[in-house]
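Those protein sequences? They're chains Y and U, same order as listed. Take 1 as the starting number for the first sequence in my numbering and just add one per residue. Take 321 as the starting number for the second sequence in my numbering and just add one per residue. Just below is one structure, and these are the notes that go with it.
Number of protein chains: 2
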Amino acid sequence: MDGLIETITALDNPSVVGLDPTLALVPPQFLEKAKQQQSQYPHEIMDHSKLVTQAYVLFNEAVMKGIAGIVPAVKPQIAMYEAFGEAGIQAYIDTCARAQDLGFYVLGDIKRGDIGSTASAYAAHLSGVEGVTQSSSWHEDAITVNPYLGSDGIDPFVTASIHHHKDIFVLVRTSNPSSGEIQELTTADGRLVYECVADLVSVWGESSIGEYGYSRVGAVVGATHPQAGRALRERMPHTFFLIPGYGAQGGSAQDVAAMFDDQGSGALVNSSRGIIGSWRKHVEYNPSMTFDEVFALVERSSRDAALEMRDGLRSALLQR
Amino acid sequence: MDGLIETITALDNPSVVGLDPTLALVPPQFLEKAKQQQSQYPHEIMDHSKLVTQAYVLFNEAVMKGIAGIVPAVKPQIAMYEAFGEAGIQAYIDTCARAQDLGFYVLGDIKRGDIGSTASAYAAHLSGVEGVTQSSSWHEDAITVNPYLGSDGIDPFVTASIHHHKDIFVLVRTSNPSSGEIQELTTADGRLVYECVADLVSVWGESSIGEYGYSRVGAVVGATHPQAGRALRERMPHTFFLIPGYGAQGGSAQDVAAMFDDQGSGALVNSSRGIIGSWRKHVEYNPSMTFDEVFALVERSSRDAALEMRDGLRSALLQR
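So this is what it looks like as structure tokens:
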């Protein structure tokens, strides 16, 4: 986790922008541009999946140009790309590669998890594929994983993260409304299920605690559960948090500030729609704008929203 | 689940073959063949990922030709393909499409799960992509999903399964050694965590119970927990089971027979390595065989192993 922490410190900004495009979040001009680019290759069949995902790649480029130098990390949500099959996966990988080129820490939100032998195959997200050229690897610096299968489903990810200097974030307490159905079940010894998972996460991280006291095995803890988040911060002193659910989902800067450690470190706060969808509320937007105009507007509005989030987090951390 | 049940009944065989290739499970002649096929396209860069995954597609073809007309379903494990990036995803989709052409029920073992809005994107595995040609959809008849996020992470899959006449299988009690760490935690009301999940699965299935009494929301219950499996069979009378862990992982035909209903229905038993790796133990195999010879051997040995499994399950069900 040391690399991430250093990037956060350098920018004094513990936030990550979710690159989760949908057709509703991408201005129509990007789709038009993708169509023009495809028509330059008359021998290729016009394919809706390729078109949409190419528009996503262009859109991510605008967002990333806007937030580069301000935000340390991006978190592409693979589901949004995977929905378009192999073309989507290519767009996901292209996005990750471009993000690394622009200097971002790339957190692949893939939530994978399976039995040991299968989890080893998924761990290729971190280790790359043996014998494969660099261009075919995933370009992720970290991924999210699901703990429901227990240690043997997580070990291959832990091993790969250590060998390849990468990180993982295990789902502990997710931000969605029905997350409590399983995660908040009370167990016989008084712990809640997510607390049992938290204790497992601490154990999984024991062998990879870095220079700043945090292991390579982080935890996903939703901003929508501020009390639980505070308690988990104390319970897991060596576990870095990825905090989704800020902004659109309801978590405030004050809510998340309590999930940081005493030095104001130990957590990374995600916002997706709040940043990448900010162009939609911008007074300057109108549908007759050219591609270049909208590209610049997405860039500018993403930057402004990212700065606002950064400043909100900074002041909430100071006011604790 | 009606379509699956009818195919099982027609073949009198409640088994599914896992298409989980690895380099160790695929004879080297398949990789050679893939190389020859690639060299016919001199303008394409020779890519290790494409080579390996093309070998997987050829290997799956041999296995499927062997088991067609005997086994009702195949279960490709997406992790094995995803490990090779976008080329792997293409090979996974090609495998699913070919399997449907050959008449198999295709159960995509993808274990996806996320918060509601993201789960909706993953549900494109079942619904396909709007505006996309048939060739770009996933060709899955069912998928496996992870319940850790609760109802709002499952609802989009349930909705898609109903609208598109497909099925889902929710992880309840997995077959791996450390599955108990979370799944077997005792909760305050005396139920184990996996029993709580089982009860949620029953609720999620209530609106889609079909002609044969089973809903579109199935459960994954490992063969390695025969007692739990028997109890779950009683607890979830309308839930069809996918039973992994037979054979290589240790579950016997007797173990799984107890997880069927009184009519000998209600479950589908998976074997992967036991079928697709059977050529490795075959006396006739030797490394100097030609591609065509090995292809025929994989076909024959897969068929023999599938027949043996079918007969083992049939007699265990009769002897109950």
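No residue lacks a Cβ here, since even glycine has one placed at the ideal position from N, Cα and C. Quantities reported herein were computed from a predicted structural model and do not represent experimental measurements.
Span of the beta strand (DSSP E) around residue i
i	result
U/Ser591	587–591
Y/Pro18	Here the sequence assigns Gly to residue 18 of chain Y, which means Pro is not the residue at that position. Segment 15–19, the beta strand (DSSP E) holding Y/Gly18.
Y/Lys75	73–76
Chain-order list of residues whose beta-carbon lies under 6 Å from that of residue i (same chain, five-residue window excluded)
i	result
U/Gly386	Glu619, Ser622, Arg623
U/Tyr376	Pro341, Ala411
U/Gly436	Asp472
U/Leu331	Pro392
Y/Ile5	Tyr212
Y/Pro27	Val294
Y/Trp204	Ile154, Val158, Val217
Y/Asn60	Leu19, Thr95
Y/Leu185	Val193
U/Ala439	Gly473, Pro476
Nearest-angstrom beta carbon gap, residue j and residue i [assumed within contact, 8 Å]
i	j	result
Y/Arg230	Y/Ala258	5 Å
U/Ser499	Y/Leu192	Actually they are not in contact, since the Cβ atoms of U/Ser499 and Y/Leu192 sit about 20 Å apart, beyond 8 Å.
U/Leu633	U/Pro334	6 Å
Y/Thr53	Y/Phe84	5 Å
Y/Arg216	Y/Ser161	5 Å
U/Gly530	U/Met321	6 Å
Y/Ala79	U/Asp434	6 Å
Y/Met309	Y/Gly274	7 Å
Y/Tyr105	Y/Gly3	7 Å
U/Leu371	U/Gln360	With 8 Å as the limit, U/Leu371 and U/Gln360 do not qualify as a contact, their Cβ atoms being about 13 Å apart.
Y/Ser68	Y/Leu102	First, the residue type needs correcting, since residue 68 of chain Y is Ala and not Ser in the sequence shown. Their Cβ separation, rounded to whole angstroms, is 5 Å, which keeps Y/Ala68 and Y/Leu102 in contact under 8 Å.
N-terminal and C-terminal residue of the alpha helix (DSSP H) that residue i is part of
i	result
Y/Val298	291–318
Y/Lys281	Careful: Y/Lys281 lies outside any alpha helix (DSSP H) and carries neither H nor E.
Y/Gln29	28–39
Y/Gln54	48–67
U/Leu331	322–331
Y/Gln249	Y/Gln249 -> no alpha helix (DSSP H), and no H or E assigned at all.
U/Gln583	Segment: none, U/Gln583 is in no alpha helix (DSSP H) and carries neither H nor E.
Y/Ala257	253–257
Selection from the options that minimises the alpha carbon distance to residue i
i	options	result
Y/Gln227	Y/Arg112, Y/His282, Y/Gln254	Y/Gln254
Y/Thr247	Y/Pro237, Y/Gly210, Y/Thr224	The sequence as given places Gly at residue 247 of chain Y; Thr does not occur at that position. Checking every option, the nearest Cα to that of Y/Gly247 belongs to Y/Thr224.
U/Met384	U/Lys355, U/Ala354, U/His368, U/Leu339	U/Leu339
U/Val465	U/Asp472, U/Leu491, U/Leu520	U/Leu491
U/Phe611	U/Ile325, U/Gly323, U/Gln356	U/Gln356
U/Tyr534	U/Leu562, U/Glu613, U/Ile502	U/Leu562
Y/Arg233	Y/Asp199, Y/Ser207, Y/Gly245, Y/Glu206	Y/Asp199
U/Ala407	Y/Arg273, Y/Pro27, Y/Val129	Y/Val129
Y/Arg235	Y/Gln319, Y/Gly251, Y/Glu195	Y/Glu195
U/Gln639	U/Asp582, U/Ile463, U/Leu617	U/Asp582
Y/Ala124	Y/Lys166, Y/Leu51, Y/His238	Y/Lys166
Y/Gly374	Y/Thr118, Y/Cys96, Y/Asp101	Residue 374 of chain Y falls outside the range modelled here, since chain Y spans only 1 to 320, and no answer is possible.
Y/Val17	Y/Thr118, Y/Leu307, Y/Leu317, Y/Thr186	Y/Leu307
Y/Pro156	Y/Glu181, Y/Pro177, Y/Glu184, Y/Ser127	Y/Ser127
U/Ser527	U/Thr559, U/Leu371, U/Ala508, U/Thr507	U/Thr559
Y/Ala24	Y/Ala305, Y/Leu317, Y/Lys281	Y/Lys281
U/Phe580	U/Ile502, U/Pro497, U/Gln360, U/Leu637	U/Leu637
U/Asn590	U/Thr327, U/Gln569, U/Asp367	U/Gln569
U/Gln397	U/Ala462, U/Ala388, U/Asp367	U/Ala462
Y/Ser272	Y/Asn286, Y/Ala305, Y/Val283, Y/Thr9	Y/Ala305
Y/His164	Y/Lys75, Y/Asp311, Y/Ser137, Y/Pro287	Y/Ser137
Residues near residue i by beta carbon distance below 8 Å, same chain, minus five either side
i	result
Y/Leu58	Phe30, Lys33, Ala34, Phe295
Y/Asp94	Val57
U/Pro467	Gly433, Gly473, Ile474, Val490, Leu491, Val492, Val517, Leu520, Val521
Sequence-distant residues of its chain with Cβ nearer than 7 Å to residue i (five each side left out)
i	result
U/Tyr442	Arg432, Asp434
Y/Gly245	Ser175, Gly222, Ala223, Thr224, Gly251
Y/Ile89	Tyr81, Glu82
U/Ser369	Phe404, Gly405, Ala407, Gly408
U/His459	Ile413, Cys416, Ala417, Gln420, Val426
U/Thr507	Val513, Cys516
U/Tyr605	Trp599, Leu617
CB contact check: residue i to chain A, cutoff 8 Å
i	result
U/Asp434	Of the protein chains in the structure, Y and U, none is chain A.
Check: Where in the region 497–564 of chain U do unbroken runs of the beta strand (DSSP E), each at least 3 residues long, occur, reported from the N-terminal end onward?
Finding: Listed in chain order, the complete beta strand (DSSP E) runs (minimum 3 residues) inside the region 497–564 of chain U are 537–541, 561–563.
Margin query: Quick check for students: name the residue ranges of the beta strand (DSSP E) that lie wholly in the region 100–178 of chain Y, counting only runs of 3 or more.
Written below: 105–112, 142–145, 167–173
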